[in-house]
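**Student:** Protein chains in written order, with the working numbering: chain A, 9 to 362; chain B, 337 to 685; chain C, 16 to 334; chain D, 31 to 544.
All C-beta atoms, glycine included, are put in the ideal place defined by N, C-alpha and C.
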Amino acid sequence: PEVVSGPGADPECFAPWSAETKYMQWPAKPGPYKIAVVNGFVGNGWRIQMIKTAKAFAEDPSIKDKIAEFKVVSTGTDAPAQLGAIEDFINQGYDAIVTIAVAPDGFDRVIRLADKNNVVLVPFDNVLDTDAVMQVNEDQLMMGRMWAQFALDELKAKGVTAGKILEVRGLPGNSVDRDRSIGINETFKADGGAWEIVSVVGNWDDGTTQKVVADAIAVHGQFEAVVGQGGSNGVIQALSDAGHPWVPVAGESENGYRKAIAKYSGEGLKGISIGQSPGLVAIAMKAAVSALEGNVMPQLISVPLPVATYKDLEDGKNYWSDLPDNFFTVNEFPPCGVNISGPSIMAQTEADLN
Amino acid sequence: MRNARSPLAATIRQNSGFLGAIILLLVLYLIYNLLHPRGFSAALLIQNTNESVAIVFLAMAQTVPVLLGGLDLSVGAIMTLTNCVASVVVSGSPQQILLGMVVTLATGTAFGVANGLIVVYGRLQPIIATLATGAIAVGLALFIRPAPGGTVDDDISWALTNDLYELVDTYGWFDADAAWFSSFAWVPVPLLIVIVIAFGVWLPFKHTITGRTVYAIGSAEGAAYMSGLNLDRAKIAAFTLAGFFAGCAGLYLAIQTSSGNADITQAGAYTLNSIAAVVVGGTSLLGGVGGAIASLVGALVLRVISFYFRIVSIDPLLQPLVEGLVLLAAVSLGAFRTLRVKNQLALFR
Amino acid sequence: MKIAIPSLKSEDKPIFIASGFILVILSVGTVYTLSTQGTAPLLSPGYLLQQLQTGSFLGIVAAGMMVVILLGHIDLSVAWTMTAAAMMATTVGGDLAIPVGIAIGVGVGLVNGFGVAYLRVPSMIFTLGVDSVLRGLMVAHTGGFAPQDSATPLMRALASSKLMGIPSAIFVWLAVSLVIAIMLKRTAFGRQIYLTGNREMAAYLSGVRTRRVILASFVVSGVCAAMAGVMLAGYSARAFQGMGNAFLLPAIAAVVIGGTRILGGQGRYAGTLVGVILIVLLNSVLSIMQMPEAGRQVIYGSVIICMLLVYGRGNKVQS
Amino acid sequence: MTADRPIVQLSGVSKHFSGTRALENVDFACFSGAIHGILGENGAGKSTLIKIISGVLQPDSGELSVNGTRVSFANPTHAVASGIVCIFQELSLVPDLSVSDNISLASPPRRFGLIDKRAQRRCAEELLARIKCEDVDPNALVRELSLSRRQMVEIAKALGKDPKVLILDEATSALTSRDVGTVYELLADLKAQNVSSLFISHRMHEIEQLCDTLSVFRNGQHIETFAKGARTDREIVRLMIGREVDAQYPPKPAPKPRPEHLRIENLAWERQIKDVSLSIGKGEIVGLGGLDGQGQKELLLGLFGVLRGMQGRVTIAGRPCTPGSPAEAKQASLRIALVPEDRKTEGLMLAMSIADNLLAASYARVSDGIFINADKARQAVEDGIAKLRIKTGSADDPVATLSGGNQQKVVIAKWLMTDPDVILLNDPTRGIDVGTKQEIYRLMRDLADQGKTILLYSSDYAELIGCCDRVMVMYDGGIVASLSGDAITEEAIVAASLNVGGAVPHAVPGPSHA
Ligand SMILES: Nc1ncnc2c1ncn2[C@@H]1O[C@H](COP(=O)(O)OP(=O)(O)OP(=O)(O)O)[C@@H](O)[C@H]1O
Ligand SMILES: Nc1ncnc2c1ncn2[C@@H]1O[C@H](COP(=O)(O)OP(=O)(O)OP(=O)(O)O)[C@@H](O)[C@H]1O
Ligand SMILES: [Mg+2]
Ligand SMILES: [Mg+2]
C-alpha cells in the first residue's frame, strides 16, 4: 500500500489511533472479494463468539454482496501454521486476510508477500508490533488506565486513600497483558495514595482467576479494590465465596460479571466493565473491504472502549439477566453498522435455530 | 517368509509402517496440489515446507529418545528456549550471525546433554525427567524473552525462507540469473536444510555403534548391557541429538519469524504433535523400531492434513472437531494390524 | 525435623519425603508472609482447608490418572473430559446434571479404553486424539446454540458449601480416595491393574482379562475427571470452555511425585494424595510470593527432579 | 603346557544380595583347553559365579585373576577384552535388530567409522555356517526366530568375539538334540584350539558327555571339583542337593483303560498347526516331542484360547472347548492351565512379590464377593510355596530375586492353585535342577493319578521317555508318530522328529487301551 495523508474514509467507524497515525491506500480492486479469517487458538468462549460474529457479519446485507468467498480457519497456537495459512490464502488469490496474530512479531515475511500481491492483511485483537499493516484494536493501555482510574474514583468517594489493591493479570508474556498492566500500575502510581498492589496471575481464565483470587484473599485478608484483566466471573465468585465485602471491581464484559454488578452494586460492588469485544472481527472485515475498494484507511484503527459502569447497566440492553454468564456482552458497534449483538448470536436456543 | 532372504525384501518387510506413511503422504500431498488453485507451483512448495520445518525437526528430535524406549517431553520447550536464544543472538554482521546460529544450536544440544545426564546418572524415567526439564527450559525462555520480540537479521530470514534463487540473490554469491542455475533455482531452501540435516546427521548417526546401541536399548536394554554395549553413552547421545534437532527447530522458527516467543502453550502443543508424528511415521513408542526419517514423513502427513482445512469448505466451528477426528483416525491406522493378528501374544510386547 | 525411619519400605519413602517437603513449602511461605506482612496466614486452618478444597478437584483427577498410570498408560484427555462433563451437566441442568456429567466420563473412558486396549494404539497418542475430539465437540456445542452454563444447586453444594466448617468438596475427595485405595489394595480388579501394569503378557496368560482391566481403568479415570469437572463447575458456579486445561500436567506430576512409577506396576495411593497436596501448596505459595511465571516454571521443574532424585535413583534394569 | 596355570581363577569370592548369600568364600579355577562343567541345584550360585567372571557383577570380597594377573571387571566389555565371553542364562539378544546386527553387536566391522553392513552380513553368514545354522537368515529380525534358533544365534555371537574362555550358562536348554550335537562338536573344536569352556546345564547326560572336569556348587559354596568319571551320577547328585535321589522318574502306572477326556479333532491354524487329531484320557500324561518349532507351542496356546481363527474341534469330557482367551480357558467349565514357555515374559511379573505372582490366576478363589480375603490369600500363598518347596525368604520379596528354577516353580505353583483339570506344560523343567525336576515329575504323576489330564511339551527326550504314558511327535505342524509303552525310545523319537519315514498319520491316536 501507499502511505498517504488523511483523513481516511468513514472516520466514525475507522477512527485513527492518534494524531500521528499514518494513512494507507491500496489500489482499488473490483469486488466482490475473497476474504479469509485466520484465527489462532480456538477453544474459549471469546474466540467462539468471534468466529460466530465473523460468520454472521459475512451474511450481513451491508457487506454480503461484496464478499465472493469467505473462509475461517483456526490454526492453534502454532506460529508456523498461522503464517502458512496466511501465505496459503495469499497463494490462493484471496484479496484480504483478517487475523488474530499468535505473536506480535514474526509476520515480516507474510507482510512482504501480501504487499507484493496487493493483499490486504488486517490483524486485530492481538496486533503486531509494526506499522506496516493496517490493524484494528482497542487501546489496551487506555483500558488499564480507565480501570485503575475508576477504582481510584470509587475509593475516593468512599474516602479510602490507601490500602491493598489486587491486580489480576492475564497470560504471561502477552503484549495485551503487558499494556493493560502498565496502564493500571502507572495510574495508581500517579495517584500518590499509599496503594500496595498485589499481583496474581489469572491467565484470563475464570477458573485460574477464581483460585488465585481466593488464595490472595486468604493470605492478605482484605483488599480495597480488585482490578482484573479477565476471568471477571472468577473474581466475583472468589469474593463471594470468601465472604469478602463487596468493593470496587474492574473487569471485562462477560454477561455474568455485569449481572453481578447490577445485582450487588447497592451493596458496594461498584463495578466497571470494559471488554475486548469479539465484534472487532466485524470491524476488521469491514476495514479490509473498505481498503480493497481503494479508500484511504488509517494504519491503526482505534475502536472505542465499550465502557459500562454500575451506573449505566440496563437489563436487556447491555446485559441480560436471563441469559448465560459466559458470553461477552459488547459485540456491536453501531457507528460501523455492526449490529450483531451478543445475545443474537450467542443466545440462540435450539428452538431459535429451527 | 523365510525364503525372502534378499536384504531388500527383509527391509520392506520390516518397515511396512514407514512405507505406508510415505504412500499416505504422497497421496495426500498430490490431492492437495490438485485441489489448490496454485497447485504444483514453487510458491506453494515454499509455503508448505516453511510451515513444516519446525515440526519436522521436532519429530526427528522426539524419535531418538523414543527409539530408546523413552519419551522426551522437553523437545517443544527446547525449541522454545532456542527460539528465544536465537532471537537475541542471530543478528549483526555475517560472522556474528553465524556465531549466533552456532550458539543457538549449542544451547539446544547442551540442554539435550543435560537431559541425558539426568536420565543416566539420576536414573530417572525419561518421560518424567523431561517433563520437569521442559518446565525449566520454558522458564529460562521466559527469562530471556519475557515478551515476544527480537531482532533476527531480516536478510537471513528472507533468504532462508525462500527458494535458492532468493538466497543467492540476497547474498549475491553469483549471478542468480545464470542459465545453469535456473533449473534448480526454484528449490526451497527450507527443504534443503531439512534434507541436509536429516541425511547428514541422522543417517550417519544411525550407522554408528552408538546409534545402533540406541536401537538395542529400546528393544532390550538388559541384553544390550550384557552384550557389552555402552548404554550410558548411547542414552546421553540420544538426548543430545534430540536437543540438537530441537535446537534446529528453534533456530529455524526464529529465522522464519525473525523473533522469539516464549509461548508455553505452543511448546506443549509442539511436543505432543511431535509424538503424534513419530507414531504416524511408524516408529514404535516402545522403542527399538523406526527412525527419524520415518518421523519426518509422519510430521509431513500431519501437516498436509492441516493444509486441507484451507481449501475445503467446512464450518469453522466444526473444524476443531474434524481435526480431532482426523488425528484420531491417523493414529489408529496402525490398529488394522492388530485386527489381523491371529496369535494374541503378538499384541503384547 | 523428622528423622527418616531407618527401615522404610521403598514404596513408603516417597510419601514421607513428600510430606517433609510440604512442611518445607509451608515454612518458606510463612517466612515470606512474616517478612512482608508480619502474619502467618498459611498456617491458619482456614487457608489450609481452602487449599484442600481447591486441591480436591486436582485430587480426584489425579486419583483416576494414577489408576491409568499404574497400567503403564496415561490419560491425556482429562482436561477436556472435565470440561465436557461440566458443560454437558450444566446444559442439561436439573436433577440429571450430575448423572449426565458422570455419563460423559464413562463414555470418554470407554472410548479411550477401547482405543488403547482393543485397537492397541499407544495411550499417549490415542487419549490426545480423544482430547482434541472433545474440544472440537465442545466448540461445536457452544457454536451451535447457546448452552445453559450455570451450575445446579446440588453441584454448588458438593463443591463450595461447608459441612461442619469443612468444605464439602474435601469429603467428596476423601470418599473417592477411599474407594480408589480400597479398590487398588483389596479387590481382584485392583491387583490385576498392578499385574497388567507390570507385564501385560504374563497377566494375560495368567487368565487376567487384561483388555477389560485397561478398559475399566480408563473408565475410572474418565469418571474421576468427569466428577472433578462437575465439581469444578459447582465451585465456579458455571461451566466454561477450557476449564480443565490447568489440571492435566499437575495431575501427572502429583501422581509421579507420589512415587507411582510412570511405567506402571508400582505405586501407592497415599503417595498420590500427598503429591496432590504438595502440588497445590507449591502453586499457591508461588502465587502468593508473586513469583513471575519464568521462576515458577523453573521451580516447578526443579522440584519434580529433586523429589525423584531423593526417592532413590531407579533400579538398574536387569536383563 | 599351561595345564598347571589356571586361565581363570577365583579365590575367596563372596557375593551377597540383600539377605541372600549367593556365593560364600568360593575358590574356583578353570584351565585352558578344558571343558569344565558346573553343576548345582537352582539357586546354588552358578549364574552368580559366571556373572562375576564375566564382569556383570562385582564380588563383595575375594579376587578374580585371569592368566595369573589379578583383574577387576567393571562391566562385560572389560571381560570380553580379556577373552572371556559369556552366553547368559537369560539370552542377551536384541529382538528388534537383525541376526547379523546381533552377532556383531558390540564390535561390528566398520568403514569410515560407520558400520559396514555388508561385511557384517558376511561375517554372520560365516559364523552361522560354522554352527550349521545356514537356515537362519542374517537379515531376519531375532524377534522372528524360535527360541532354539535364538540360542544358536547367541552361540554364533559368542564365537564372533573370539573367546579364550567361553561360558555357556544353560545355553543349550532349548536346543534340540541335533543342535546340541553341533555344540558338542564346536566345543571339542575349541578345546583343540586351547579355548576353555565353562558349561552349565541341568541335563546330566549333556554334562557327562561333554565335560572333562566337573565342579559342584551348593548353597553358594564350591563343594568339589573332580575329573569326569571320578564320580558316579548318584554321587554327583548327592553332592549337588545334599541327599540321595534314587529314581529320577516316578514309576509309570501300568497301562490301563482310561476314559477319554480331552479330544482334539482335525485342528488347524495358519501354517503352524496342520490337521492335528489327538485324544487324551483322564489321568494320562501325554508328551509332545519333535524338534523345536514344529507347532507344539502353538498347539498348547491354541488349546489355551490364545490363538484366533482355529479350525477343528476340541472337546473336554464331550463338551466343546473353544475358549476365546486364557481367562475363559481357566474358568470352572474348562479348568485349563498353561505353564508357558518363557517364564520371564510370559509367566511372571518380575518386579512384583512372590505372593502377587502366585495369586495372579486365582484371585477369584481367595475373594469374598469383590474383596480379597487376606487370610485366604495368605493361606493359599503358603500352600503354594510349601507344595513346590519354593526357596524364598519372604513371600513379599520380588520374584526377580529368586533363582531361575525357583521362578519356574512359582509359575507352576500359580497354576496349581487354580486346581486345573487339564494341564498344558511347555517345557516346564527348562533350567530346573535335577532335584527340583524330580519333584516336578512326581507332582505331575500325582496330578495325573488324581485324574488330571496332562499334555507336556519337552525339548528333553529323556523327560518324555521317563514321564509320559504316550508321546506324540510333531513335525511341520502335524503329528507324525504316536508312541506308547516300550515303544517310547530315544531312537523312535529322534527318527520321528526328523520325519525320516515321511509318515503321515491317519488314525486318530486314542488313549492307550481305550
Ligand atoms: N544389569 C544391567 N542391565 C542393564 N543396564 C545396566 C545393568 N547394570 C548396569 N547397567 C547400566 O550401566 C550403567 C553403569 O552401571 P554402574 O553399576 O557402573 O553404575 P554406577 O554409576 O556405578 O552406579 P552406582 O553408583 O549406583 O553403583 C548404569 O547407568 C545402567 O544404566
Ligand atoms: N539380583 C538379585 N537379588 C537378590 N538375590 C539374588 C539376585 N540374583 C541372584 N540372587 C540369589 O542368589 C542366589 C544364587 O542365584 P543364581 O542365579 O546364581 O543361581 P543359579 O545357581 O544360577 O540357579 P539356577 O540354576 O536356578 O539358574 C539365589 O538364591 C538367588 O535368589
Ligand atoms: Mg542360573
Ligand atoms: Mg556401581
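Under 8 Å between the Cβ atoms of residue 369 of chain D and residue 294 of chain D?
**Tutor:** Result no, Cβ atoms of residue 369 of chain D and residue 294 of chain D do not sit closer than 8 Å.
**Student:** Would you verify that the beta carbon of residue 20 of chain C is, or is not, closer than 8 Å to some beta carbon of chain B?
**Tutor:** Residue confidence is low: residue 20 of chain C scores 37 on pLDDT, short of 50, so the model does not pin down where it sits. No coordinate-derived value is stated.
**Student:** Could you tell me the boundaries of the beta strand (DSSP E) in which residue 291 of chain D lies?
**Tutor:** Counting along the chain, the beta strand (DSSP E) containing residue 291 of chain D begins and ends at 290-299.
**Student:** Can you find the residues in the same chain that come closer than 8 Å, C-beta to C-beta, to residue 363 of chain D, ignoring five residues on each side of it along the sequence?
**Tutor:** Same-chain partners within the cutoff: 349.
**Student:** Starting from residue 106 of chain D, find everything on chain F with Cβ-Cβ shorter than 8 Å and list it in chain order.
**Tutor:** Judged by its chain identifiers, the structure shown contains no chain F, and its protein chains are A, B, C and D.
**Student:** Closer than 8 Å, Cβ to any Cβ of chain C: which residues of the stretch 218-251 of chain A, in chain order?
**Tutor:** Answer in chain order: 218, 219, 220, 222, 223, 224, 226, 227, 228, 229, 241, 242, 245 and 249.
**Student:** Classify residue 18 of chain C as helix, strand or coil using the three-state DSSP reduction.
**Tutor:** Bear in mind that a pLDDT of 37 at residue 18 of chain C, under 50, signals an unreliable position, so the model cannot answer this.
**Student:** How would you list, in chain order, the residues of chain B whose beta-carbon sits under 7 Å from the beta-carbon of residue 140 of chain C?
**Tutor:** The answer, in chain order, is 611, 612, 615 and 667.
**Student:** Closest by CA to residue 233 of chain A, which one among A:247, A:133, A:341 and A:295?
**Tutor:** Considering only alpha carbons, the answer is A:247.
**Student:** For residue 428 of chain D, which residues from the same chain have a beta carbon less than 8 Å from its beta carbon, with the 5 sequence-adjacent residues on both sides left out?
**Tutor:** The answer, listed in chain order, is 380, 381, 382, 383 and 384.
**Student:** Which bits of chain D does residue 68 of chain C rub up against, with CB to CB less than 8 Å?
**Tutor:** Here the premise fails: no neighbours, minimum Cβ distance about 31 Å.
**Student:** Helix, strand or coil for residue 54 of chain A, going by three-state DSSP, please let me know.
**Tutor:** Of the three classes helix, strand and coil, the one that applies to residue 54 of chain A here is helix, per DSSP.
**Student:** What residue from A:129, A:342, A:200 and A:179 has the CA that sits closest to residue 365 of chain A's CA?
**Tutor:** Beyond the ends of chain A as shown, which are 9 and 362, falls residue 365 of chain A; an answer cannot be given.
**Student:** Using the rule of at least 16 other Cβ atoms within 10 Å of the residue's Cβ for burial, across every protein chain shown, is residue 400 of chain B buried or exposed?
**Tutor:** Burial call: buried.
**Student:** Using a C-beta to C-beta distance shorter than 7 Å, which residues of chain A count as neighbours of residue 183 of chain C?
**Tutor:** Correct list: empty, because the minimum Cβ distance to chain A is about 13 Å.
**Student:** I'd like the list of long-range same chain contacts for residue 452 of chain D, defined as Cβ closer than 6 Å, with 5 residues on each side in sequence excluded.
**Tutor:** 292, 366 and 483.
**Student:** Who are the Cβ neighbours of residue 289 of chain D in its own chain at under 7 Å, not counting the five residues just before and after it?
**Tutor:** 311 and 312, listed in sequence order.
**Student:** Between residue 68 of chain A and chain B, is the shortest Cβ-Cβ distance under 8 Å, so that the two count as touching?
**Tutor:** Output row for residue 68 of chain A: interface = no.
**Student:** Of the choices A:162, A:104 and A:216, whose alpha-carbon is the least far from that of residue 278 of chain A?
**Tutor:** Checking every option, the nearest Cα to that of residue 278 of chain A belongs to A:162.
**Student:** Assuming contact is defined by CB atoms lying nearer than 8 Å, are residue 170 of chain C and residue 112 of chain C in contact in what I supplied?
**Tutor:** Taking 8 Å as the Cβ cut-off, residue 170 of chain C and residue 112 of chain C qualify as a contacting pair.
**Student:** Name the two residues that bound the continuous beta strand (DSSP E) containing residue 39 of chain D.
**Tutor:** 36-47 is the span of the beta strand (DSSP E), which, as asked, contains residue 39 of chain D.
**Student:** Can you name the start and end residues of the beta strand (DSSP E) that residue 79 of chain A belongs to?
**Tutor:** That run of the beta strand (DSSP E) goes 75-82.
**Student:** So, is residue 19 of chain C buried or exposed, given that buried needs 16 or more other C-beta atoms within 10 angstroms?
**Tutor:** Reliability fails at residue 19 of chain C, whose pLDDT of 37 lies under 50, so the model's placement of it is uncertain and the value that follows must be treated cautiously. With fewer than 16 Cβ atoms within 10 Å of its Cβ, residue 19 of chain C is classed as exposed.
**Student:** Hey, is the stretch 130-150 of chain A in contact with the stretch 307-321 of chain A, meaning 3+ C-beta pairs nearer than 8 Å?
**Tutor:** Yes, they touch.
**Student:** So residue 314 of chain A packs on residue 57 of chain A, CB below 8 Å; how close in whole Å?
**Tutor:** Contact doesn't hold; Cβ gap of about 14 Å is too wide.
**Student:** Taking 7 Å as the line, does the beta carbon of residue 463 of chain D fall inside it for any heavy atom of ligand 2?
**Tutor:** Yes - ligand 2 has a heavy atom lying nearer than 7 Å to the Cβ of residue 463 of chain D.
**Student:** Taking contact to mean 3 or more Cβ pairs, one atom from each stretch, closer than 8 Å, check whether the stretch 666-682 of chain B and the stretch 333-340 of chain D are in contact.
**Tutor:** Touching, yes, given that three or more Cβ pairs across the two stretches are closer than 8 Å.
**Student:** Beta-carbon of residue 171 of chain C versus every beta-carbon of chain A: anything under 8 Å?
**Tutor:** No, its Cβ sits nowhere closer than 8 Å to a Cβ of chain A.
**Student:** Going by alpha carbons, who is nearest to residue 658 of chain B out of B:505, B:641 and B:423?
**Tutor:** Residue 658 of chain B has its Cα closest to that of B:641, out of B:505, B:641 and B:423.
**Student:** Can you confirm whether residue 332 of chain C, when its beta carbon is compared against all beta carbons of chain B, has any partner nearer than 8 Å?
**Tutor:** Any reading at residue 332 of chain C must be qualified, since the residue scores a pLDDT of 40, below 50, and its modelled position is unreliable; no value is offered.
**Student:** What residue ranges within the stretch 105-189 of chain D form continuous beta strand (DSSP E) runs of no fewer than 3 residues, ordered along the chain?
**Tutor:** Listed in chain order, the complete beta strand (DSSP E) runs (minimum 3 residues) inside the stretch 105-189 of chain D are 114-117.
**Student:** Starting from residue 32 of chain A, trace the alpha helix (DSSP H) in both directions and tell me its first and last residue.
**Tutor:** That residue, residue 32 of chain A, is in no alpha helix (DSSP H); its beta strand (DSSP E) goes 31-33.
**Student:** Would you report the Cα separation of residue 204 of chain A and residue 175 of chain A, rounded to the nearest angstrom?
**Tutor:** Spanning the two alpha carbons is a distance of roughly 10 Å.
**Student:** Nearest to residue 268 of chain C by CA position, among C:189, C:57, C:73 and C:53, is which residue?
**Tutor:** Of the candidates C:189, C:57, C:73 and C:53, the one whose C-alpha sits nearest the C-alpha of residue 268 of chain C is C:73.
**Student:** Verify whether the separation of the beta carbon atoms of residue 152 of chain A and residue 189 of chain A is less than 8 Å.
**Tutor:** Against a cut-off of 8 Å, the Cβ pair of residue 189 of chain A and residue 152 of chain A comes out as a contact.
**Student:** For the beta strand (DSSP E) containing residue 617 of chain B, name the first residue and the last one.
**Tutor:** From DSSP, residue 617 of chain B is part of no beta strand (DSSP E); its letter is neither H nor E.
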